[in-house]
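Q: The numbering used here puts the first residue of the sequence shown at 12, with every later residue one more than the last.
Idealized CB from N, CA, C, for every residue including glycine.
There's a structure below that I have some questions on.
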Amino acid sequence: MCGIVGYVGDKSAVGIILEGLKRLEYRGYDSAGIAVLAPSGTLEVRRAAGRIKMLEGILRDRPLSGAIGIGHTRWATHGRPSDDNAHPHTDCSGTLVVVHNGILENYLEIKERLQAQGHTFKSETDTEVIAHLIEHHLKTTPRLERAVKAALAEFKGSYAVGVVSKAAPDRLIAAKHGAGSVVVGLGKGEMFIASDIPAILSHTRDVVILEDGEVAVVTAEGVVLSTLDDQPVQRDPVRIMWDPIMAEKGGYRHFMLKEIYEQPRAITDTFRGRISPETGAIVLPDLNIDPATVRAIQRVVFVACGTAYHASMLGRTMVERLAGLPAEADLASEYRYRDAIAGPETLVVAVSQSGETADTIGAVKAARLKGCPIITITNAVGSALAREATGTIYMHAGPEIGVASTKAFSTMIVAVYLLGLWLGRQRDAITAEDVRKRIRDLVEIPRLVEQTLELDTKIAALARHLSHATDFLYLGRGVQYPIALEGALKLKEISYIHAEGYAGGEMKHGPIALIADGLPVVAIAPRDASYERMLGNIEEVRARDGQVIAIVHQGDKLIASKAQHVIEVPPAAELLAPLITVIPLQLLAYHVSVRRGCDVDQPRNLAKSVTVE
Ligand code: AGP
């Protein structure tokens, strides 16, 4: 998730690109850069770690001018945020620049091949490899667009790229495969490219949207589209009628809703390149844990806060089931002060979207003092928690703007699943065949999430009915217990309704006293090992006049006959089923919040990153 803006025309490119980048800052803000083809024919680049205002400072000191250029605001995936890793990236000879959004799975092998041919690299990014590979192809294919296509055809993974070159000074090249969107904005005597419409909306409302596998050659006069294998493409422009704020949210009313809908993509990005369905290999190259340390591990402790703690509870189950190791999940705010018993045999896994949560950092520091190896699962490359850890698993969710965590939660679950499988293989607790099956289960999930998102309209209607309730109870068992906690947390944080999440087995030990007069009870009851017991809970709620909202597998007639409201979700492998059942709970919280007129994306009293105790 990065932002890309390009301009070609008769105006000064710098101001237009900077203005566009600022509108895309929500897509990534750890570094930014711009490249302009100067009237003298030189390609000038300015880059800076930090927000766009840092880049503006550099441009004040060392201004650029030119009527064709490209800019980028970065959300790091490969290589920490720094000046060197900021885009645009150049080739060896400084002939061309590339900006990129996405993840290239095979960049390392291509990089090694190019290094052997004499290319030298200045950054840790996958993007720089694109620039060098285009340079390589330009030796045999003098036309820039052909060299770009030849290079892109070699990459596996996802990309949205923009290219500017001295070799073809009148054009921008843009291409896309699998990563976000690329649009070409049509002006009069000027054209724009952008990864998102808001970047160019103040200049034009007429855009051509690229599809996967397409390349656009953009000059001041027009745009020519073709496929990677040179088939011409005809596409009519579309007129965008969104207002600028709506455009920033991709047409969604709130960032939270956009992020809920981004989950299929975010989940795919988290496992992409890390699994081999053929061999059953799990590849987590940034863990930095040697085999001797892995063999010495006797238990795993997850530390986290809030939603990340709920994902950690699932992490505990994954590690127990897949790696056969004792595991715990602890609230970071408690763990840091508990003087817990731990040492080099305890693997501590810190889970945090922001990587900056003060309590989680405190817990990791406490564990480090005891000599524990530490893995951080985070969405923020180069964050404090990533720096504190022995190794990392990046979630690749892209920036999450809504305070209520949604896609970060899903990608955390994928990350702890991969960790469980990896540990299981390293310790011979699970066979390659079993891993292959579990990989197949995982690959199914994005499609099942898409299918579950189709429940949106039904859940919006349910929210209309429930939005005046003052209390909610959420019940789940096994892997659905953390989902009950997560559903309750989502509802309370954005709609300010009192909500409690409980393990179904605990109901008789207290919360059953609350059930009366239509109290909404969300029972998460897929057909899994806990099904019969959840059925018992549902009967108990009914007997006391509670209002049952049941989340069940498609076609479950039995529970349908007992619940007032039924949400049917597709079945998935048990360990991964939380990725499906959480979707209706996120949507329910969202629609209740909207109906109550709450501030969905910035609820009262909360902050996205809790960097203080
Ligand atoms: C989730 O919706 C919350 N906003 C909150 O609980 C959050 O998950 C928690 O503060 C942890 O944040 P982190 O993942 O950035 O560490």
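According to DSSP, is Y485 part of a helix, a strand, or is it coil?
A: Y485 falls in the strand class under three-state DSSP.
Q: Can you tell me whether DSSP reads G14 as helix, strand or coil?
A: The answer is strand: DSSP assigns G14 an E or B state.
Q: Please give the ranges of any beta strand (DSSP E) in the region 359-408, keeping only runs that are unbroken, at least 3 residues long and fully inside the region.
A: Entirely contained in the region 359-408, the beta strand (DSSP E) runs reaching 3 residues are, in chain order, 385-389 and 402-405.
Q: Can you give me the C-alpha to C-alpha distance between F166 and A97, rounded to a whole angstrom?
A: Cα to Cα, the separation comes out at about 21 Å.
Q: Relative to ligand 1, is the shortest distance from any of its heavy atoms to the C-beta of K519 smaller than 8 Å?
A: K519: no, Cβ never under 8 Å from ligand 1.
Q: Does ligand 1 have even one heavy atom less than 8 Å from the beta-carbon of Q613?
A: No - ligand 1 has no heavy atom lying nearer than 8 Å to the Cβ of Q613.
Q: Return the chain-ordered list of same chain residues with a C-beta closer than 7 Å to the C-beta of P581, the five sequence neighbours on each side being excluded.
A: Answer for P581: L459, Q462, T463, Q565 and I591, listed in chain order.
Q: What beta strand (DSSP E) runs, 3 residues minimum, are completely inside the region 217-280?
A: If we require 3 residues or more, the beta strand (DSSP E) runs fully inside the region 217-280 come out as 217-220, 225-229 and 234-238.
Q: How would you label I286, buried or exposed, when you count the other beta carbons within 10 angstroms and need 16 or more for buried?
A: Its Cβ being crowded by 16 or more others within 10 Å, I286 is buried.
Q: Just to check, is the beta-carbon of E270 closer than 8 Å to a non-hydrogen atom of ligand 1?
A: E270 Cβ: outside cutoff for every heavy atom of ligand 1.
Q: Could you pull the start and end residues of the beta strand (DSSP E) that F203 belongs to?
A: F203 -> beta strand (DSSP E) spans M202 to A205.
Q: Report the rounded CA-to-CA distance for E504 versus G366, giving the unit in angstroms.
A: Cα-Cα distance, rounded: 21 Å.
Q: Relative to the C-alpha of V226, which candidate in G82, A527 and V172 has its C-alpha closest?
A: V226 has its Cα closest to that of V172, out of G82, A527 and V172.
Q: Determine the direct distance from the alpha carbon of E67 to that of I424, and round the result to whole angstroms.
A: Each residue's alpha carbon lies about 38 Å from the other.
Q: Just checking E367 against ligand 1 - is the residue's beta carbon closer than 8 Å to any of the ligand's heavy atoms?
A: Yes; taking the cut-off as 8 Å, the Cβ of E367 has a heavy atom of ligand 1 nearer than that.
Q: Based on Cα-Cα distance, which residue from R555, P302, Q128 and A179 lies nearest to D439?
A: Among R555, P302, Q128 and A179, the Cα nearest to that of D439 belongs to P302.
Q: Using the beta-carbon count (16 or more within 10 Å), is R349 buried or exposed?
A: It counts as exposed.
Q: What number of angstroms, rounded off, separates the C-alpha of A319 from the C-alpha of T106?
A: A319 and T106: Cα-Cα distance of roughly 45 Å.
Q: Going straight from the alpha carbon of V427 to that of H89, what length do you get?
A: Cα-Cα distance, rounded: 20 Å.
Q: Given E585, which residues of its chain have a CB within under 6 Å of its CB, disregarding the five upstream and five downstream residues?
A: Excluding sequence neighbours, E585 sits near D539.
Q: In its own chain, which residues sit with a C-beta less than 6 Å from the C-beta of V195, not counting the 5 before and 5 after it?
A: Within the same chain, V195 has close Cβ partners I204, V219, A227, V229 and V234.
Q: Please list the terminal residues of the continuous alpha helix (DSSP H) segment that includes I293.
A: Element bounds for I293: n/a, residue is neither H nor E.
Q: Going by DSSP, what residues sit across from D181 in a beta bridge?
A: Answer is none; D181 lacks a bridge partner.
Q: Leaving out five residues before and five after E55 in sequence, what residues of the same chain have Cβ atoms less than 7 Å from its Cβ?
A: Excluding sequence neighbours, E55 sits near A46, V47, A49 and L75.
Q: Could you tell me the distance, in whole angstroms, from the CA atom of L5 to the CA atom of G413?
A: Here the chain comprises residues numbered 12 to 624, so residue 5 is not present and cannot be evaluated.
Q: If you measure between the beta carbons of V362 and T401, is that distance less than 9 Å?
A: No, the Cβ-Cβ distance between V362 and T401 is not below 9 Å.
Q: So, for G512: in the same chain, excluding its five sequence neighbours on each side, which residues have a beta-carbon less than 6 Å away from its beta-carbon?
A: Once the five neighbours on either side are set aside, the close Cβ partners of G512 are Y485, A495, L496 and A499.
Q: Answer yes or no: do M545 and A554 have a C-beta to C-beta separation smaller than 9 Å?
A: Cβ atoms of M545 and A554: not closer than 9 Å.
Q: Rounded to whole angstroms, what's the CA-CA distance from G26 to K177? Just pull it up for me.
A: C-alpha separation (whole angstroms): 21 Å.
Q: Per DSSP, what kind of secondary structure is V427 in: helix, strand or coil?
A: The answer is helix: DSSP assigns V427 an H, G or I state.
Q: Does the separation of the CB atoms of I28 and N112 fall below 9 Å?
A: Result no, Cβ atoms of I28 and N112 do not sit closer than 9 Å.
Q: For ligand 1, is there any heavy atom lying closer than 8 Å to the beta carbon of G317?
A: Yes, the Cβ of G317 comes within 8 Å of a heavy atom of ligand 1.
Q: Quick one: residues in its chain with C-beta nearer than 6 Å to the C-beta of D137, no 5 flanking neighbours on either side, listed in chain order?
A: Closer than 6 Å at the Cβ level, and outside the excluded window around D137, lie H89, L115 and Y118.
Q: Would you call the CB atoms of H148 and H130 closer than 9 Å?
A: Not a contact, by the Cβ cut-off of 9 Å.
Q: Leaving out the 5 sequence neighbours to the left and right, which residues in its chain are closer than 6 Å to V621 when beta-carbon positions are compared?
A: Excluding residues within five positions, the ones whose Cβ falls inside 6 Å are T368.
Q: Going by beta carbon distance, what residues of the same chain come within less than 6 Å of G224, once the five residues before and after it are set aside?
A: Excluding residues within five positions, the ones whose Cβ falls inside 6 Å are H188, T238 and L239.
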